[in-house]
Amino acid sequence: MADSPYPELKKTHTMARVGRPWTDVKPAPSAPVWNVIFGLGAYWMLVGAIEIGLFDALWDRGPLGPDELANDLESSASHVESLADALVVLGLLDRHDGRFDLNDCSRRYLCGQSPAPMADLVSVAPGPEENWTDLAATIRRGEPAKPVDADVAGFWVPLVEGTFGTVLRAATRADAWISYSHLEAPRVADLGAGGAPWSIAVLRACPGATAVVNDLPEVLEVARARLAEAGVEDRCELRPGDYHTVALEDEAFDLVALGHVCRTEGADGTRALLGRAAAALRPGGRVLVSDYFRAEDPSRSPQGVFMAATMAACTVRGTAFSYDEMSSWLRDSGLSEVRLIEPIAAQQIFVATKPASTQGRKEER
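Residue numbers for the sequence shown follow the working numbering, so the first one is 81 and each next one is one higher.
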């Protein structure tokens with residue numbers, strides 16, 4: 081009688097070798113789905129906390145227990161505790177010995193007196209809520225039912241006010257890479273300037289600098305106020321109008337700033353705007369394009385990818401461009417020495433130079 085094959089089968093047909101589908105093949109985790117579901121609530125928790133003044137109360141009075149905090153906010157103690165505990169989980173508060181307190185993040189960004197305030201940005205950055213609830217229809221149509229493109233007073237003015245501090249920090253720190261403070265008397269063209277953070281940064285650093293500050297009339301009033309606060313309004317000329325058509329002298333500027341405007345314009349509009357910027361630069365002058373950009377691998381540029389989706393939900397032509405697209409368009413505009421800098425986290429700026437001569441441009445290519 082032949083030997084039983086069982087010993088060999090026992091060696092070759094184990095779970096480790098052939099597997100059992102009902103035990104060895106693990107299903108994908110559901111955590112990504114739950115994270116997105118909870119993400120909606122997390123956003124509104126932050127909005128609500130800012131609206132009721134929760135962060136400012138902790139700034140003013142320091143660590144507080146739930147009852148003390150609720151009393152300060154004139155709100156339900158149980159609801160305040162639930163909200164504050166959720167903010168602890170989100171990394172926006174600390175809780176020790178039963179008392180809530182600001183952490184480094186909320187102290188820096190979420191209070192009225194924060195050194196780098198972002199609280200005003202939170203409610204406006206995603207765009208109108210109805211554009212998100214209507215997203216499926218927008219995708220089918222190819223554009224939103226209520227685009228924000230022309231809503232200057234309702235969307236762009238609050239957005240400009242909310243983003244001013246962040247962009248000013250980026251523009252100020254960019255000097256470490258761009259060295260605009262070494263220029264004797266640069267002339268700046270700030271197109272689609274918003275609150276004019278680029279003009280303010282350069283004019284503060286260069287006593288001899290002057291600026292042409294452009295935006296739509298309603299937005300330009302924000303710039304006027306910010307320039308006055310900075311004490312540099314006497315060195316600025318305000319030019320209201322569309323940056324595609326506003327008068328710009330040829331070869332008259334040392335710096336042309338395009339701060340977070342290209343993503344609203346689509347590819348054709350952006351290329352045209354880069355061409356205007358290049359024509360306005362003196363030889364040796366530089367264009368500064370700050371925005372959120374996309375990498376070839378979406379996971380490596382989450383800000384750019386989410387911004388592209390936000391622009392699709394809220395604008396007619398808006399998107400986020402790839403690094404390759406922007407660098408290629410800058411070179412196509414006759415600019416050279418194209419480089420990317422990141423003065424503060426997630427605030428990236430393309431810098432490109434107008435060659436000193438046609439010969440220089442040919443050699444660079």
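Every residue gets a Cβ at the ideal spot worked out from N, C-alpha and C, and that includes glycine.
Label P195 either buried or exposed according to how many other C-beta atoms from any shown protein chain fall within 10 Å of its C-beta, with 16 as the threshold for buried.
exposed
Mind checking whether S186 and F135 have CB atoms under 8 Å apart?
yes
In terms of alpha-carbon separation, which member of A254, E154, T213, P146 lies closest to F180?
P146
Does the beta-carbon of L126 have 16 or more other beta-carbons within 10 angstroms, so that it is buried, or is it exposed?
buried
Among F386, D412, R315, T218, which one has its Cα closest to the Cα of A351?
For clarity, residue 351 is Arg in the given sequence; the question names Ala instead. Nearest of F386, D412, R315, T218 to R351, Cα basis: D412.
Cutting at 8 Å between CB atoms, please list the residues of its own chain near R441, excluding the five before and the five after it.
Because R441 carries a pLDDT of 44, less than 50, the predicted location of this residue cannot be relied on, and no value is offered for it.
Among the candidates P206, Y323, S261, whose CA atom is the shortest distance from the CA of G355?
Y323
If you follow the beta strand (DSSP E) that E448 is in, where does it begin and where does it stop?
Given a span of 81 to 445 for the chain in the structure shown, any question on residue 448 remains unanswerable.
Give me the Cβ distance between L335 and V282, rounded to the nearest whole Å; I'm assuming they're in contact under 8 Å.
Yes, they are in contact, since the Cβ atoms of L335 and V282 sit about 7 Å apart, within 8 Å.
Spatial neighbours of R397 within its chain, please: CB distance less than 6 Å, with the 5 preceding and 5 following residues excluded, ordered by chain position.
Beyond the five residues adjoining it in sequence on each side, R397 comes within less than 6 Å, by CB distance, of G346 in the same chain, given in chain order.
Which of the three DSSP states is assigned to E417 in this structure?
Note: E417 maps to strand in three-state DSSP.
Have a look at E210 and R362 and give me their C-alpha separation to the nearest angstrom.
Distance between the alpha carbons of E210 and R362: 45 Å.
Grouping DSSP H, G and I as helix and E and B as strand, with all else coil, what is N294?
Residue state, collapsed to three classes: strand.
Give me the Cβ distance between V228 and G207, rounded to the nearest whole Å; I'm assuming they're in contact under 8 Å.
Contact between V228 and G207 is confirmed by a C-beta separation of about 6 Å, below the 8 Å threshold.
Within a Cβ cutoff of 6 Å, which residues of the same chain sit near V367, ignoring the five residues on either side of it in sequence?
V336, A357, A432
Going by C-alpha to C-alpha distance, which of G192, V168, V385 sits closest to D140?
G192
Of all the options S381, V418, A360, V385, which has the alpha carbon lying nearest to the alpha carbon of L271?
Nearest of S381, V418, A360, V385 to L271, Cα basis: A360.
In the structure shown, what three-state DSSP assignment does E241 receive?
helix
Using beta-carbon positions only, say whether G384 and G339 come within less than 8 Å of one another.
Annotated as distal: G384 and G339, with beta-carbon spacing of 8 Å or more.
Would you identify the three-state DSSP class for A425, choosing helix, strand or coil?
coil
Mind listing, in chain order, the continuous alpha helix (DSSP H) runs of no fewer than 4 residues lying wholly within the segment 175-215?
184-189, 199-202, 209-213
Name, in chain order, the residues that DSSP records as bridge partners for T433.
Beta-bridge pairing links T433 to R366, S416.
With distance defined between alpha-carbon atoms, name the residue in G365, G311, E405 nearest to E376.
Put simply, of G365, G311, E405 the residue whose alpha carbon is nearest the alpha carbon of E376 is E405.
From Y372 to G245, what distance separates their C-alpha atoms?
17 Å
Distance, Cα to Cα, L420 vs V116?
Rounded to whole angstroms, the separation of the alpha carbons of V116 and L420 is 31 Å.
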